[in-house]
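First the structure, in the form of structure tokens, and then the observations on it.
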Amino acid sequence: MRVLGIFIAIVSLCVHSASSIAQPNFQIDADRIELIGGTRPFKSDLEIERLSVNRYQVFFRLHASAPSIPPEFSLTFRFPKDKVNQLWNSQTWSNRSFFSLPSYDRAAADFSIVSGLTLNDQNQITFTSDDRFDSRYISTFVQEENDTLIFGLGFFEDNPPISQMQEYEVRILVDFRNIPFSEAVYDASKWRLNDLFQQAAIKKQNDDYPVYSTWYPMHRNIPLENITRELDSLTTFGFKSILVDDGWRSLVKMKVDTMYDYDENSLQTMHLFNEKRKEMGLKLYLWYSLPFMGGNPVITKKFAPRYIRYKAPMQTHVLDPRYPEIRNHLVSTYANFYESWPSDGFWFDFLNEFYPNAPTIISDDLGRDFIDTQLAIDQLMDGMNQRLQKISPGIFMGQEFASAGPDQAAAQSFLAGFVGINSAPVVREKMVNNRLLYGRHTPFMEIMGVHPRDKSEEVARKLQAILFGNPHLSFFTTTLPEDTKETIRFWLDYWKENRKILMESEFEPMQVANQYPIIKVANEAKIIYGLYADYNLSLPLVVEQPIDVINAKESSLISFVVNHDGSGYDYEMYNHMGQLVAQDHLKTKRKNTVEVEVPSGGFIRFLPDATAGR
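Numbered per mature numbering (1 follows the signal peptide of the UniProt record, and there is no 0), the sequence shown spans residues -22 to -1, 1 to 592.
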């Protein structure tokens, strides 16, 4: 196909002079792209749009004279291997991928963005795609061939849509800008999700964070009556809303021979809890997953065997949303419950747990109107949203976007909360993945549990693992030592005070292959580093705005690189509870590495130079 030669016009790297190294130029080279598999009976055409310098949008279209099954094919294009030192992918790689470069592929998002970057995390090439199926039938792969990297997009390989089509179009974004890879990845995500980002910005409830969750005390069998009595103490922590764990269902009694109709008398404890939080001005969100289960005898009699999988830990089946009667039942169940027991919203992020990308039960078709599970879930959530919005416009329906990994498919589960400090690296990794893909609209909500025996320093470091996301905490105040409570209060206050910087400024995680041990956020007012491993951090010649370096490591030694003779820096040092422990002037005699002892879980703040801006 001659037209495909145009596509490589944007992927052949040609550096013409030393001055162009910082921002490479690209020229046409028709030899580095290949169509694999053919497209018959479809004919194809291609169009290229230049979005900006070194950033392009490609339209690849198929046309058939009559409706036909979509063909299985691939588009591959080549890129110089010596320009790329690391690879980042928002999904697990396909079986067709093989390469020896350091790679990162634990994000497990619903769509794929691939980035080739340098050792210092600068973008060289980032690409993604989008079509009317939200890229569900498009895979990505990377292969090495001598001095070349082959980037590929595979179409309609696994579980292609059963319906025939006459027209098909895919958009492909290719970004060669020499910018931090984090910026290129988020720009690619915005390219795909811009309309949804705009809707999320309108609906975003910025006053809901930080969130207190009843998850940990409920799982430690602390009665809700006791939790209710402790709600007053939450005001000293500055929580704005409460997420009630699914364990509330064990407190209420279901009427016999009903689908999910609760005895009003058994809701008394929940009513007291609800009234108390209203007095405190806290919003209330319910985690309510039971209706998706098929263990209720009435449900079993009515809907069996319309199940999609067996959930072993709970020893029950999960209802199959590909049936219209199942979707109608779920929508009605939630609507009826909400009308009788209103809250500020439901939490639906658990849908990923019930309907993972895993084998489903193969059964006779008893009237399914969907083959694809995800499309059926989309239809279910649309129906849920329409019905509940009629009852209460603006009701919260969980995060706007599905949370991304790390992928834990081997365990068929995902983190929903953590207690031990050893889980902090994985939690931080998940936090970064979601920030990369969704920016300030991140759906990250790993609930941080606090055990009474946790050391306050470790509590600080756990909080620092979620500091660049929306904090959700769970603990029982009465059992916590005073130093732990002081630590929690300080870091929640720190998050609220610096929220705009932490959540809405430039977000730059570093060292991709090592799972982001350094994170930087910055705007014109402040710079904040989260340091989770040993790293030589460069200090500027002149400090123009405060620089906070948070020591989230277990050790206290931090190395700073000074690139100028005789540099000096005023600083303040705080421990993990936010207590000022030192004020001094750091003086260097020559270009070297300066080591400073910063309390583990604490931070050092470099103050603006008095001459800055003069």
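The C-beta atom is built at its ideal place from N, Cα and C for all residues, glycine as well.
Per DSSP, cross-strand counterpart(s) of residue i
i, result
"Asp23", "Arg39"
"Gln100", "Pro158"
"Ala560", "Met551"
"Asp526", "Ile506 and Arg583"
"Trp319", "Looking at the DSSP assignment, Trp319 forms no beta bridge with any residue, so it has no partner."
"Gly395", "Ile425"
"Ser219", "Val189 and Lys261"
"Ser516", "Val539"
"Trp325", "Trp265"
"residue 597", "Examination of residue 597 is not possible in this model, given that the chain is present from -22 through 592 alone."
"Pro58", "Thr126"
"Lys565", "Gly546"
"Thr247", "Note: Thr247 sits in no beta bridge, so no partner."
"Leu13", "Leu53"
"Asp153", "Arg33 and Thr104"
"Thr571", "Val539"
"Ser533", "Bridge partners of Ser533: none, in fact."
Cβ-based neighbour list, residue i, same chain, cut-off 8 Å, excluding 5 preceding and 5 following
i, result
"Ser46", "Pro19, Phe20, Gln142, Met143 and Gln144"
"Leu509", "Pro495, Ile496, Leu515, Val527, Ile528, Asn529, Ala530, Lys531 and Ile536"
"Met258", "Leu209, Asp210, Leu212 and Thr213"
"Gln100", "Asn156, Ile157, Pro158 and Phe159"
Identity of the residue in the options nearest residue i by Cα
i, options, result
"Leu519", "Asp543, Val152, Met271 and Glu484", "Asp543"
"Pro269", "Tyr312, Met551, Ala178 and Gly546", "Tyr312"
"Tyr472", "Tyr34, Tyr187 and His41", "Tyr187"
"Pro195", "Ala179, Leu585, Phe215 and Asp224", "Asp224"
"Leu517", "Thr571, Met488 and Ile373", "Thr571"
"Gln35", "Ser43, Ile150 and Thr126", "Ile150"
"Ser267", "Pro586, Trp226 and Thr236", "Trp226"
"Val222", "Arg431, Phe324, Pro80 and Asn172", "Phe324"
"Phe446", "Lys408, Gly546, Gly376 and Ser434", "Lys408"
"Ile205", "Lys368, Glu484, Arg477 and Thr192", "Thr192"
"Phe111", "Gln176, Asn137 and Tyr416", "Asn137"
"Asn156", "Lys567, Val148, Lys61 and Leu174", "Lys61"
"Gly94", "Gln561, Leu229, Val490 and Gln352", "Val490"
"Ala503", "Ser160, Asn274, Glu303 and Gln523", "Gln523"
"Ala354", "Leu297, Gln367 and Asn98", "Leu297"
"Phe485", "Lys474, Ala500, Asn492 and Val540", "Ala500"
"Pro139", "Phe348, Val539, Ile369 and Glu460", "Phe348"
"Asn98", "Val404, Gly556, Val540 and Met488", "Met488"
Cut-off 6 Å between Cβ atoms - residues of its own chain near residue i, not counting five sequence neighbours on either side
i, result
"Leu212", "Tyr190"
"Ala85", "Ser68, Ala382, Gly383 and Asn411"
"Ser321", "Leu262 and Leu264"
"Ile582", "Val527, Tyr549, Met551 and Val576"
"Glu573", "Leu535 and Ser537"
"residue 596", "For the chain, the structure presents residues -22 to 592; residue 596 sits outside this window and is missing."
"Met481", "Arg418"
"Phe119", "Ser72, Arg74, Ser75 and Gly130"
"Asp239", "Lys233"
"Val397", "Gly427 and His429"
"Ser113", "Phe89 and Ser107"
"Ser391", "Reliability fails at Ser391, whose pLDDT of 40 lies under 50, so the model's placement of it is uncertain and no value is given."
"Ala387", "Reliability fails at Ala387, whose pLDDT of 43 lies under 50, so the model's placement of it is uncertain and no value is given."
"Ile128", "Thr54, Arg56 and Gln121"
"Arg365", "Val309 and Ala313"
"Ser81", "Leu65"
"Asn32", "Phe154 and Arg155"
"Tyr288", "His295"
"Ser452", "Ser191, Trp193, Tyr194, Ile425 and Gly427"
"Leu79", "Leu65"
"Ile525", "Ile505 and Phe584"
Sequence-distant residues of the same chain with beta carbon closer than 7 Å to residue i, five excluded per side
i, result
"Ala438", "Thr465, Trp469, His554 and Gly579"
"Arg170", "Phe89, Thr106 and Asp108"
"Glu203", "Thr247"
"Lys440", "Ile399, Ala402 and Met426"
"Arg406", "Ala443, Tyr494 and Tyr510"
"Gly361", "Arg305 and Val309"
"Thr456", "Glu208"
"Leu358", "Pro299, Arg305 and Leu308"
"His249", "none"
Below-8 Å beta-carbon distance, residue i vs any chain C residue
i, result
"Thr311", "No chain C appears in this structure, which consists of one protein chain only."
* Asked: Which full runs of the beta strand (DSSP E) of 3+ residues lie inside the stretch 62 to 108, going along the chain?
  -> 64 to 67, 91 to 95 and 101 to 108
* Segments of 3+ residues assigned as beta strand (DSSP E) that fall wholly inside the stretch 113 to 150 -> 116 to 123 and 126 to 133
* To do: Pick out the complete alpha helix (DSSP H) segments inside the stretch 419 to 481, 4 residues or longer, and give them in chain order.
  => 434 to 443 and 460 to 475
* If you scan the stretch 270 to 299 from start to end, which runs of the beta strand (DSSP E) of 3 or more residues do you find wholly inside it? -> 285 to 289 and 294 to 297
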